[in-house]
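Report on the following structure.
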Amino acid sequence: ELVIPQLEEHTPGYRTIWLLGRHPEAEEFFNANYTLASYDGFNSFNIMQFRAPEADANEIGIPLEITFSDADGPLFALEGITFQPPTPSSPPITLLVYWRSLRASDRDYTAFVHLTRTDGAPGPNGGPLWGQDDHPPKIGETNALSRDPFHLLKPPAEALPPGEYTLNLGLYDPADPN
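Here the sequence shown stands for residues -13 to 164, where the numbers follow the numbering used here.
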């Protein structure tokens, strides 16, 4: 039987872990210590790829230099993104966002990636969004570069009509609607 102490003992140093099948305790451990990079299922067989959250700057497909600040000054640096189109083994559109924490914050921010049509055409629910992923940013230790995957639309070929789309990325404090 797989247990958390065994995972803690045998996984340090691995940058990528594949979990075959479903095991709630293992999934909980990997979600807490790694980043879910891809997930796919074939009938009742599931495959999940987890990656260490620490990233290397060489992974960044599109380098950026954007700083997010709050009233106390610079908080996060967005250093770049990498777009991963859907594949048979990982059907969602995935945007890897590379963050660097510049200092600790007393707020629990939520990061978002929203997909909208450039021409403003309404999405399937009548609003502007065609796809979205909002979650707490996966940001590691201060000054460490972290990889944060955002998964949109599974499978996108069935959900997106031809056209031009825009990805919007940002942070918000869910406790402060302003």
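From the three backbone atoms N, C-alpha and C, an ideal C-beta is built for every residue, glycine too.
* Asked: Is residue 3 closer than 9 Å to residue 36 when the C-beta atoms are compared?
  -> yes
* Quick one, which of 123, 105, 112 and 157 has its alpha-carbon nearest residue 150's? -> 105
* Determine the contact status of residue 80 and residue 157, defining contact as a CB-CB distance below 9 Å. => no
* **Which residues DSSP lists as bridging residue 152, in chain order** => BP columns for residue 152 point to 102.
* Asked: Alpha carbon to alpha carbon, what distance is there between residue 108 and residue 127?
  -> 39 Å
* **Rounded C-alpha distance that separates residue 136 from residue 119** => Roughly 6 Å between the two C-alpha positions.
* Please state if the CB of residue 154 and the CB of residue 69 are separated by a distance shorter than 9 Å. => no
* When you compare each of 52, 112, 94 and 83 to residue 162 by their alpha carbons, which one comes out closest? -> 94
* Determine the extent of the alpha helix (DSSP H) in which residue 17 is found, giving its start and end residues. => 10 to 19
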